[in-house]
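Worksheet: one structure, shown below.
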Amino acid sequence: MPIAAAGVVLLMLLWYALAHDPADSPAGAGENIAAAARSGLPGDAAGTAADGKGDGDVTVVAATPGPSGCQTGRTLPAGVTTESVTVGSTKRTYLLAVPPATDNDQSRPLILNFHADGQAPTDVEAYTGLAGEATKRGYVVVDPAGVDNQWNLTRSGAVGQADGAFVAALLNDLRGRGCFADGRVFAVGYGDGADMAVAASCALPGRIAAIVSVAGSTVPPSCAKTITNLLEVHGAADQIAPWDGGGAPRTGVTAQSVPERLGRYAQAAGCSAAPKPQPLPGLGQLTAWTCDGKPDVGALSVNGGGHTWPQAQARPELGPTATSFSATVVSLLYFQAHPVVGSVVSAGSPGIGDSLGRALAGG
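Under mature numbering (1 follows the signal peptide of the UniProt record, and there is no 0), read the sequence shown as residues -19 to -1, 1 to 344, first letter to last.
Structural data, given as structure tokens:
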């Protein structure tokens, strides 16, 4: 379902975002996340294994899942908890938000929400409001914790905890403890976490159906052949990771140009068509690589946006925050439009405007 049909989408997104502010979510997982944010998460122990090859690239993680909770009848209790999984000899932690059970409960989709450099899982939840919105729609939300609040998988030559192996381990652990839909794992991230979301998908080919990267800065030099759907949401006024590249989003890293890195990603996906820029009055510009039979790759340049999450609480030190739409809502709509691993663009696919129109109408 292509990104390019955006005119109708934007009208609906603007209406939907204004009518569904994540800060207004009802009591439940969102409130529990806020409470957890006040108390914080236990610190992680440092590790010694690295995913990277020393050149900013990633290594594919081979991990065989065990029996699914769908087969064994195991379920996860509703609520927000701090969980842990052991990778090698090191305990890693993550925040888990599970929606209440319903009469129609079947296998659940899962969203990985990766925090930025210096954030904890509770910080990124307080900033984005993702769990509060996503659990209302039946998603389980997982916020992994980086060692020292950083992702070593995104750093050139970093030596530290094996982040790719950590993500594989927590997915396999949750799969065995609850009933999750195979092929319906999604990833979203902000800043350093946006790069981690892309890197995790490269390290775990075939596990992640779609990615939303907000204020990202890099894509690994190479990726496994299984490239997935990717939408970049990026502030046009981002001075930390500028749209045209440059800046220093973190130590030792220079931000890549958004068109260059997404073009390289689209090419790796097998898309040979040139990108199609589309002005969006009052919002910015959408650049889409939409090739029949290939993953959906696009970048939304946001007018009035800095190195920030649209419609989140203002953080002036990171630049202006766009208020015209919610990146949280856009992420959920993008996942809904690309619901399973292997979702690709085809000539017969309805435009994303049509599909989102049905979704917003409750169909």
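Every residue, glycine too, gets a C-beta built ideally from N, C-alpha and C.
Legend entry - Anticipated Cβ contact below 8 Å, Ala308 with Val200, distance rounded: For the purposes of this step, residue 308 is taken as residue 327 along the sequence shown, with counting starting at 1. For the purposes of this step, residue 200 is taken as residue 219 along the sequence shown, with counting starting at 1. Actually they do not touch by this definition, with Cβ atoms about 19 Å apart.
Legend entry - Contact set for Ala78: own chain, Cβ-Cβ below 6 Å, skip 5 residues either direction: In the sequence shown, residue 78 corresponds to position 97, counting from 1. Excluding sequence neighbours, Ala78 sits near Ala10, Val61, Ala112, Thr116, Val122.
Inset, instruction - Could you name the residues of the same chain whose beta carbon sits closer than 7 Å to that of Arg158, not counting the 5 residues immediately before and after it, in chain order? - result: In the sequence shown, counting from the first residue as 1, residue 158 sits at position 177. Closer than 7 Å at the Cβ level, and outside the excluded window around Arg158, lie Gly50, Arg55, Leu57.
Inset, instruction - State the start and end residues of the unbroken alpha helix (DSSP H) segment that holds Thr56. - result: The residue you call residue 56 lines up with position 75 of the sequence shown. Premise fails: Thr56 is in no alpha helix (DSSP H) and is neither H nor E.
Legend entry - Cys160 to Leu93 span [Cα, whole Å]: Counting from one through the sequence shown, the residue named residue 160 turns up at place 179. Counting from one through the sequence shown, the residue named residue 93 turns up at place 112. So the two alpha carbons sit approximately 16 Å from each other.
Legend entry - Burial state of Thr232, where buried means 16 or more other Cβ atoms lie within 10 Å: Taking the first residue of the sequence shown as 1, we reach residue 232 at position 251. Counting Cβ neighbours within 10 Å, Thr232 comes out exposed, since fewer than 16 surround it.
Inset, instruction - State yes or no: is the C-beta of Gly265 within less than 8 Å of the C-beta of Leu281? - result: Locating residue 265 in the sequence shown gives position 284, where the first residue counts as 1. Locating residue 281 in the sequence shown gives position 300, where the first residue counts as 1. Going by C-beta atoms, Gly265 is nearer than 8 Å to Leu281.
Legend entry - Local conformation of Lys34 per DSSP, three classes: Within the sequence shown, numbered from 1, the residue matching residue 34 stands at position 53. In this predicted model, Lys34 has a pLDDT of only 42, less than 50, meaning its place in the structure is not dependable enough to derive any value.
Inset, instruction - Can you say whether Arg118 is buried or exposed, counting buried as having 16 or more other CB atoms within 10 angstroms of its CB? - result: Taking the first residue of the sequence shown as position 1, residue 118 is located at position 137. By the 10 Å Cβ count, Arg118 comes out exposed.
Legend entry - Inside the region 216 to 257 only - beta strand (DSSP E) runs reaching at least 3 residues: 227 to 231, 234 to 236
Legend entry - C-beta atoms of Thr268 and Pro258 nearer than 8 Å: Looking up residue 268 in the sequence shown gives position 287. Looking up residue 258 in the sequence shown gives position 277. Yes, they are a contact pair.
Legend entry - Beta-carbon proximity of Ala184 to Ala168, cut-off 8 Å: Numbered from its first residue, the sequence shown carries residue 184 at position 203. Numbered from its first residue, the sequence shown carries residue 168 at position 187. Not a contact, by the Cβ cut-off of 8 Å.
Inset, instruction - State the DSSP-derived secondary structure class of Pro90, mapped to helix, strand or coil. - result: Along the sequence shown, one-based indexing puts residue 90 at 109. Of the three classes helix, strand and coil, the one that applies to Pro90 here is strand, per DSSP.
Inset, instruction - With a 10 Å radius around its C-beta and 16 neighbouring C-beta atoms as the bar for buried, classify Gln292 as buried or exposed. - result: The residue given as residue 292 occupies position 311 in the sequence shown. With 16 or more Cβ atoms within 10 Å of its Cβ, Gln292 is classed as buried.
Inset, instruction - State the start and end residues of the unbroken alpha helix (DSSP H) segment that holds Gln317. - result: To locate residue 317, count along the sequence shown from 1; it is residue 336. Gln317 -> alpha helix (DSSP H) spans 308 to 318.
Inset, instruction - Evaluate contact between the region 317 to 327 and the region 97 to 105, counting only Cβ atoms and requiring at least three cross-stretch pairs below 8 Å. - result: no
Legend entry - Contacting residues, own chain, Cβ-Cβ under 6 Å from Phe316 (five flanking each side not counted): Reading the sequence shown from its first residue, position 335 is the one you call residue 316. Result list for Phe316: Phe167, Ala191, in chain order.
Legend entry - Expected contact under 8 Å - CB spacing of Asp144 and Asn133 to nearest Å: Position 163 of the sequence shown, counting from 1, holds the residue named residue 144. Position 152 of the sequence shown, counting from 1, holds the residue named residue 133. That belief holds up - the Cβ atoms of Asp144 and Asn133 are roughly 6 Å apart, short of 8 Å.
Legend entry - Inter-residue spacing [alpha-carbon to alpha-carbon] between Pro256 and Gly172: By one-based count along the sequence shown, residue 256 stands at place 275. By one-based count along the sequence shown, residue 172 stands at place 191. Taking the straight line joining both Cα atoms gives about 24 Å.
Legend entry - Cβ-based burial, Lys72 [other Cβ within 10 Å; buried from 16]: As a first step, residue 72 must be located in the sequence shown, where it is residue number 91. Result: exposed.
Inset, instruction - Confirm, please, whether the CB-CB distance from Cys252 to Val283 is below 8 Å. - result: Taking the first residue of the sequence shown as position 1, residue 283 is located at position 302. Taking the first residue of the sequence shown as position 1, residue 252 is located at position 271. Not closer than 8 Å, so no.
Legend entry - C-alpha distance - Val239 paired with Trp224, whole-angstrom precision: Indexing the sequence shown from 1 puts residue 239 at position 258. Indexing the sequence shown from 1 puts residue 224 at position 243. Rounded to the nearest angstrom, the two C-alpha atoms are 5 Å apart.
Legend entry - Distance CB(Gly227)-CB(Ala217) smaller than 8 Å: Walking along the sequence shown from the start, residue 227 turns up at place 246. Walking along the sequence shown from the start, residue 217 turns up at place 236. No, the pair does not count as a contact, with Cβ atoms beyond the cut-off.
Inset, instruction - Kindly indicate the opening and closing residues of the beta strand (DSSP E) around Ser194. - result: On the sequence shown, residue 194 is found 213 positions in, with the first residue counted as 1. Segment 191 to 195, the beta strand (DSSP E) holding Ser194.
Legend entry - Three-state secondary structure assigned by DSSP to Ser324: The residue labelled residue 324 in the question sits at position 343 within the sequence shown. DSSP places Ser324 in coil when its eight states are reduced to three.
Inset, instruction - Buried or exposed for Glu176, please, with buried defined as at least 16 other CB atoms from any protein chain shown within 10 angstroms of its CB. - result: The residue labelled residue 176 in the question sits at position 195 within the sequence shown. It should be noted that the sequence gives Asp, not Glu, for residue 176. Buried is the call here.
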